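Chains A and B are the protein sequences, given in the same order. Using the working numbering, the letters of the first sequence map in sequence onto residues 367 to 874. Using the working numbering, the letters of the second sequence map in sequence onto residues 608 to 746. For glycine and all other residues, C-beta sits at the position ideal for the given N, C-alpha and C. Just so you know, these numbers come straight off a predicted model, no measurement behind them.
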Amino acid sequence: MKRTFTSAAAVLLSSSALMAQDLPQSGSEWFTAGQDTIQQMLERQDNTNRALNVIVMVADGNGVGTNYAIRLFDGQSKDMLGEENVLPYETPAFHSALVKTYNINSQTPDSAPTAGAMNTGVKQRFNLINLGDGAVTEDCTTEAANELTTFAEIVSGEMDKSVGIVSTARLTHATPAAVYAKTAYRNWEDSVPEECTDSRDIATQLIDQMEAGVVDFAMGGGRRHFLPEDVQDEEGGSGRRADGVNLIERAQNDLGAQYAWNTATANELTLDGSAPVLALFEDSHMKYEADRADEDEPSLADMTRMAIETLQNNENGFYLEVEAGRVDHANHGGNAYRTMVDGQEFAQAVAVADEMTDDADTLLIVTADHEHSIAFNGYCGRGTDILGLCYDIDNEGVEHSDELVMADDGKPYPVIGYLNGPGSVLTEQDDGTYSGSRPDVTQEEATDLDYLQQALIPKSSESHSGEDVAVYAKGPFAHLFDGTLEQNVIFHVMHHAVTGGEQADAAQ
Amino acid sequence: MHRRTFLTLAAAGTLAAPRIAAAAETIKLRELYTKMEEFSDLAQALAGQRVTVEGFMAPPLKAESSFFVLTQRPMATCPFCESETEWPSDILAVYTKRVIDPTPFNVGIDTTGVLELGTYTDPETGFVSRVRLTDATYS
Chain A
367 MKRTFTSAAA
377 VLLSSSALMA
387 QDLPQSGSEW
397 FTAGQDTIQQ
407 MLERQDNTNR
417 ALNVIVMVAD
427 GNGVGTNYAI
437 RLFDGQSKDM
447 LGEENVLPYE
457 TPAFHSALVK
467 TYNINSQTPD
477 SAPTAGAMNT
487 GVKQRFNLIN
497 LGDGAVTEDC
507 TTEAANELTT
517 FAEIVSGEMD
527 KSVGIVSTAR
537 LTHATPAAVY
547 AKTAYRNWED
557 SVPEECTDSR
567 DIATQLIDQM
577 EAGVVDFAMG
587 GGRRHFLPED
597 VQDEEGGSGR
607 RADGVNLIER
617 AQNDLGAQYA
627 WNTATANELT
637 LDGSAPVLAL
647 FEDSHMKYEA
657 DRADEDEPSL
667 ADMTRMAIET
677 LQNNENGFYL
687 EVEAGRVDHA
697 NHGGNAYRTM
707 VDGQEFAQAV
717 AVADEMTDDA
727 DTLLIVTADH
737 EHSIAFNGYC
747 GRGTDILGLC
757 YDIDNEGVEH
767 SDELVMADDG
777 KPYPVIGYLN
787 GPGSVLTEQD
797 DGTYSGSRPD
807 VTQEEATDLD
817 YLQQALIPKS
827 SESHSGEDVA
837 VYAKGPFAHL
847 FDGTLEQNVI
857 FHVMHHAVTG
867 GEQADAAQ
Chain B
608 MHRRTFLTLA
618 AAGTLAAPRI
628 AAAAETIKLR
638 ELYTKMEEFS
648 DLAQALAGQR
658 VTVEGFMAPP
668 LKAESSFFVL
678 TQRPMATCPF
688 CESETEWPSD
698 ILAVYTKRVI
708 DPTPFNVGID
718 TTGVLELGTY
728 TDPETGFVSR
738 VRLTDATYS
C-alpha cells in the first residue's frame with residue numbers, strides 16, 4: 367500500500383506543472399513565486415568539492431525569533447512591509463537546518479560551550495571553553511586532562527590554512543575565544559586564580575596561538591585585557607592585566623604583528639597576509655551599530671572585508687569565524703532596537719563574505735549560538751512596525767489598519783516582548799516586593815532607540831533561552847545541513863568539507 | 608513614505624542636526640553626546656542652564672547621598688556581557704538639592720538641574736564625571 371501511494375504521488379508531482387496553469391490561483395504572484403522557488407531548489411546540486419575555505423558567521427543570540435524580527439526590521443528600513451523580506455542567507459541558494467543548542471549540563475546554553483561545540487565537535491559544560499566532559503567549570507585542575515583540539519588547530523597544521531577571528535565583542539569574549547582558547551571559565555579574560563599556576567588567561571592564549579601560527583588575523587574589541595593595569599590606552603582607558611604583561615607590545619615586537627586601534631589605523635593595515643593582524647578597537651566591546659561612528663571604528667561588514675582580503679592571500683585556504691556579538695547584548699538589555707540594527711549589520715557582513723568568496727571552494731555557514739527570551743504578540747496586521755505597537759488587521763486591504771490592538775487592560779502593546787528582563791512591568795516597591803501594571807505606551811515611545819520592550823519576570827539582565835537556532839550554509843557539503851541537528855554537528859560538516867570530497871578546481 | 612522610514616529618518620535627523628532646545632524642554636540623555644562621545648552642540652548650548660533630562664537612576668553608590676548616576680537605559684548587570692559591573696559611557700552625574708530617595712533602576716524619571724560640562728571628580732565617591740546636573744530635583 368505504501369508503494370502504491372508513493373507511485374501515485376510521483377505521478378501527481380510529474381504532472382503538477384501541467385496542472386498548475388489550470389488552477390484558478392495560477393495567476394497569483396504568490397503562486398508563481400512558489401514555482402520559482404521550487405525551480406531554484408530543483409536546480410541545486412550537491413557541492414562535493416573539498417572546501418578550500420570555511421567561514422562560520424555567528425550572530426550571538428540570534429535564534430529563530432530574533433532573526434524573524436531582524437528580517438522584518440531590515441525589510442521595513444527598505445520601505446517594504448517587512449514580512450516578505452529575504453535576508454542574504456535566507457535565499458534558496460542556502461541549505462538550512464534547525465540546531466539544538468543545549469550544553470552538557472544546561473538546558474539554557476551560554477555562548478562559551480556553544481561556540482566550543484562548533485569549534486571542536488563535542489558539546490561542553492556551561493561557562494567553559496573547549497574542554498571535554500570531564501572538566502568542571504571554574505576548576506582549573508581539570509583543564510589539562512580535558513583539553514580538546516580546535517578546528518583552527520586542525521586546519522592550520524598539516525593543511526597550512528590561515529585562521530582569522532572577527533567580533534564586535536571583546537576578542538577574549540566567549541564566541542571568539544572558542545577559536546583559540548581552552549579554559550575552565552570564560553571570565554578568565556586577563557587573569558586566572560592565583561592557585562591556577564598552570565593555566566593561562568584567555569588574552570594570553572590568543573597571543574600564544576598567534577605565535578604558534580594558529581591565528582593570523584584577530585579584529586574586535588577588548589583592548590584592556592591585553593594591557594597592564596598601569597598602562598593607559600590610546601583612548602584613555604586603563605589596562606586590566608595584573609601580571610604587568612603588555613600583550614600588544616609582545617604581538618608587535620616578538621611576532622611582528624600589525625596593530626590597529628581605530629578606523630584610521632585599521633585603514634593603514636597591510637592586508638597581504640605577510641604579518642599577523644591584531645586590531646583592538648575598544649577598551650571593552652565595540653559600539654552597538656546604532657551608536658557607532660565610521661571615523662571611530664569599522665563596521666562588522668568592514669572588518670569581514672578586511673579579514674577575507676588578508677586571509678585569501680594563503681593559497682592553502684583559510685578558516686574565519688565572524689561574530690556579531692552585540693545582538694546578544696542588546697537582547698540582554700531588553701532593547702530590541704539595537705538588537706535589530708546589529709542584526710541588520712550582521713546580514714550585511716554575510717553579504718560581503720558571500721560576494722568575496724566562491725561557492726565552489728568556500729563553505730559559508732551562517733548561524734547563531736543560542737536564542738533569547740524574546741517573544742512576539744499578535745494579532746498584528748501586515749507591515750506593523752516590528753519595533754512598535756501592534757496595529758490591527760485590515761480585512762479589506764493588505765497593510766494594517768490604523769487601529770491599535772488593545773489588551774484586556776485597555777492598553778495597546780508592542781509587537782516584541784521579552785519573558786524576562788529589565789523591561790519588566792513588575793517593579794520593586796519600597797517594601798521589596800514586586801508589583802505593577804503595564805504602562806500606556808505610545809508609538810513614539812515604543813519606536814525610540816532606547817525603548818525597552820515590555821517584559822514579564824523582573825530580571826536585571828534578560829536571559830538566553832534554550833530554543834533552537836537555525837543554520838544556513840552554501841558551498842562544499844552545505845547540503846549536509848538538513849533537519850534538526852545537534853550544534854556540535856556544525857564542526858563535523860566543516861571538518862568533512864575540508865577533508866572529504868574532491869579537490870575543487872578553484873583550489874587546485 | 609512608509610511610516611517606519613519616516614520615524615527612522617526623523618530619529619537620524621535628531622542626531623545629525625542637533626536642535627536648539629529651550630531650557631525648560633525635556634531632552635534625552637543621548638542628545639548630550641555625539642557618536643564620537645563628544646559633547647553635542649545641544650549640550651554646549653545648554654551648558655549652565657537648567658534643563659530636564661529623561662533617564663533612569665542607577666543603584667546609588669552610597670546611602671544617604673545627594674548624588675546619583677542617571678543612565679540612558681536601565682543599568683542592567685549582564686553576567687554574559689561583562690565579567691563585572693561597568694558604567695556605560697553615556698551617563699550623567701546628578702547632584703541633588705536633597706538627600707535622594709532611590710527609585711528602582713528600571714523606572715524612568717525626569718531630572719531637572721543645571722547642566723555642567725567638564726571633568727569633575729567627586730571628593731566623596733571618587734566618581735569621575737564629564738557632564739553633570741547640579742542643584743537637581745527629580746520625579
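Among the bridge pairs identified by DSSP, HIS461(A) is matched with ALA839(A). Within chain B, the residues whose beta carbon sits less than 9 Å from that of ARG658(A) are LYS642, listed in sequence order. In the pairwise beta carbon analysis, the segment 823-830 of chain A is classified as not touching the segment 402-422 of chain A: fewer than three pairs are separated by under 8 Å.
Proximity of ASP816(A) to chain B, defined by a Cβ-Cβ separation below 7 Å, is satisfied.
The C-beta distance from GLN819(A) to TYR784(A) rounds to 6 Å, short enough to meet the 8 Å contact threshold.
The beta carbon of ASP662(A) sits closer than 7 Å to some beta carbon of chain B.
PHE592(A) places its beta carbon 7 Å or farther from that of ALA626(A). Linking ALA743(B) to PHE663(B) through their CA atoms gives a straight-line distance of about 14 Å. Listed as beta-bridge partners of ASP717(B) by DSSP are GLU661(B).
For the segment 686-713 of chain A, the set of positions with a beta-carbon nearer than 8 Å to some beta-carbon of chain B reads ASP694, HIS695, HIS698, GLY699, GLY700 and ASN701 in chain order.
In the structure shown, the three-state DSSP call for GLN490(A) is coil.
For a cut-off of 8 Å, the C-beta gap from ILE495(A) to ALA547(A) is around 5 Å, short enough to register as a contact. Sequence-distant partners of GLY603(A) (beyond 5 residues in either direction) whose C-beta falls short of 6 Å from its own C-beta, in its chain, are ARG590 and ASP649. Annotation: GLU644(B) to ASP697(B) spans about 8 Å, alpha carbon to alpha carbon.
The alpha-carbon separation between THR538(A) and GLY588(A) amounts to approximately 7 Å. A distance below 6 Å between beta-carbons, with the five flanking residues on each side excluded, links ARG437(A) to the following residues of its chain, in chain order: ASN451 and LEU453.
For GLU519(A), same chain residues with a beta-carbon under 7 Å away, outside a window of 5 residues either side, are VAL580 in chain order. When C-alpha distances from ILE674(A) are compared across LEU408(A), ILE573(A), GLN714(A) and GLY530(A), the shortest belongs to GLY530(A). Contact annotation, THR813(A) with LEU770(A): C-beta distance approximately 13 Å; criterion of less than 8 Å not satisfied. Relative to ASP668(A), the option among VAL716(A), ASN680(A), HIS698(A) and ASN701(A) whose CA is nearest is VAL716(A). In this structure, ALA623(A) and ALA632(A) do not form a Cβ contact; the two beta carbons are roughly 14 Å apart against a cut-off of 8 Å. In the DSSP assignment, ILE573(A) falls within the alpha helix (DSSP H) that extends over 568-577.
Beta-carbon to beta-carbon, GLY699(A) and THR541(A) are separated by about 18 Å, too far to satisfy the 8 Å threshold. GLU811(A) and ALA700(B) have their C-alpha atoms some 24 Å from each other. Annotated three-state conformation of HIS736(A) is coil, per DSSP. Within the segment 781-795 of chain A, those residues whose Cβ lies closer than 8 Å to any Cβ of chain B are, in chain order, GLY787, PRO788, GLY789, SER790, THR793 and GLU794.
Taking a 10 Å sphere around the C-beta of THR865(A), we find fewer than 16 other C-beta atoms and assign the residue as exposed.
Using a Cβ-Cβ distance cut-off of 8 Å, the segment 843-860 of chain A and the segment 483-502 of chain A are in contact, since at least three pairs of beta carbons, one from each stretch, lie closer than that value.
Positions of the beta strand (DSSP E) runs, each at least 3 residues long and wholly inside the segment 399-448 of chain A, are given as 419-425 in order along the chain. Closest in alpha carbon position to ALA645(A), among GLN490(A), ARG536(A) and ASP796(A), is ARG536(A). Between the segment 705-714 of chain A and the segment 558-573 of chain A, the count of Cβ pairs shorter than 8 Å is below three; the stretches do not touch. Contact of ARG637(B) with chain A by beta-carbon distance below 9 Å involves ASP657, LEU815 and ASP816.
If the five residues before and after ASP717(B) are omitted, its C-beta is found closer than 7 Å to the C-beta atoms of THR633, THR659, GLU661, TYR745 and SER746, all from its own chain and listed in chain order. For GLU693(B), the chain A residues whose C-beta falls within less than 9 Å of its own C-beta are SER650, listed in chain order.
At the C-beta level, ASP751(A) and ASP426(A) stay beyond 7 Å of one another. Proximity of chain A to PRO711(B) at the Cβ level (cut-off 8 Å) is accounted for by THR793 and GLU794, in chain order.
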